[in-house]
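J.: In the numbering used here, the protein residues as written are 10 to 256.
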């Protein structure tokens, strides 16, 4: 991991894009960097092309205090959460396709595989019905409340938000959530085809696996692996970062 949070945000965004978890130029990634201050991607570039110059410093009301660009009103989704849950360091909000599909059912996904155990008991559904853009304090406050106790929340007919102590873990949580939902959809299709009832992992067993997996220092090698892949596909980002360090 680098010591440059703007570069880390770009790497997380591009990794999410490469995993198919972003749509057009929607979505934001934020990192709290002080009282009433957060780093966020400006509106315009997609996750696929984000560069460090596109990362702005804003206050929690979305006012730009450093950098050039523009942010739309939905940046309040991040600001309100950071304000109400100050221990949240990093937030990822995007519209992963399988999660958006599954969100129409207003259900927390079942746990069918070992990787999904990592999010056992950590997913919540926020809202019963889609109510428009998440751009007001009143709409976002319930999301902030849910993120006090959960690492991931599903927004019906909209997308998802994941949190983490750093942007790397927040991005990995989004990948895990999408994988978990994809598994639920494929299991449901297989159940219909086979005429059988699937058996999820019991929550008690999932929580045991979660504690066991937490003892494995997986993040550093996983992040290195993601960066290795990005170096092969996103050379422009690494060249720009190297140039900024030598300037």
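In this text, a Cβ means the ideal position worked out from N, Cα and C, and glycines have one as well.
So, are the CB atoms of residue 221 and residue 105 less than 8 Å apart?
T.: no
J.: Run through DSSP, which three-state label would residue 43 get?
T.: strand
J.: Could you name the residues of the same chain whose beta carbon sits closer than 7 Å to that of residue 131, not counting the 5 residues immediately before and after it, in chain order?
T.: Excluding positions up to five away in sequence, the list reads 159, 160 and 161.
J.: Of all the options 72, 44 and 29, which has the alpha carbon lying nearest to the alpha carbon of residue 50?
T.: 72
J.: Among all the DSSP beta bridges, which residues are the ones paired with residue 75?
T.: 66
J.: What are the residues that DSSP puts in a beta bridge with residue 180?
T.: DSSP lists no partner for residue 180.
J.: Quick one: give me the first and last residue of the alpha helix (DSSP H) that residue 233 is part of.
T.: Run containing residue 233: 228-242, per the alpha helix (DSSP H) assignment.
J.: Kindly identify the DSSP beta-bridge partner or partners of residue 36.
T.: BP columns for residue 36 are empty, so no partner.
J.: Let me know the secondary structure DSSP gives residue 30 once reduced to three states.
T.: coil
J.: So, are the CB atoms of residue 65 and residue 80 less than 8 Å apart?
T.: yes
J.: Going by DSSP, what residues sit across from residue 257 in a beta bridge?
T.: The shown model of the chain, from 10 to 256, leaves out residue 257, and the question about it has no answer.
J.: By how many angstroms is the C-alpha of residue 223 removed from the C-alpha of residue 96?
T.: 20 Å
J.: Would you call the stretch 34-46 and the stretch 107-116 touching, i.e. three or more CB-CB distances under 8 Å?
T.: no
J.: By the three-class DSSP mapping on this structure, what secondary structure does residue 99 have?
T.: Strand at residue 99.
J.: Would you mind giving the Cβ-Cβ distance between residue 5 and residue 170, rounded to the nearest angstrom? I have them listed as a contact below 8 Å.
T.: The chain is shown from 10 up to 256; residue 5 falls before or after that span and cannot be answered.
J.: Taking the C-alpha atoms as reference points, what is the distance between residue 232 and residue 28?
T.: 14 Å
J.: Cα separation between residue 201 and residue 209?
T.: 16 Å
J.: Taking just the CA atoms, how far does residue 234 sit from residue 227?
T.: Using only the alpha carbons, I get a separation of about 11 Å.
J.: Note down, in chain order, each residue of its chain lying with its Cβ closer than 8 Å to the Cβ of residue 239, except the 5 sequence neighbours on either side.
T.: 20, 23, 24, 27, 246 and 247
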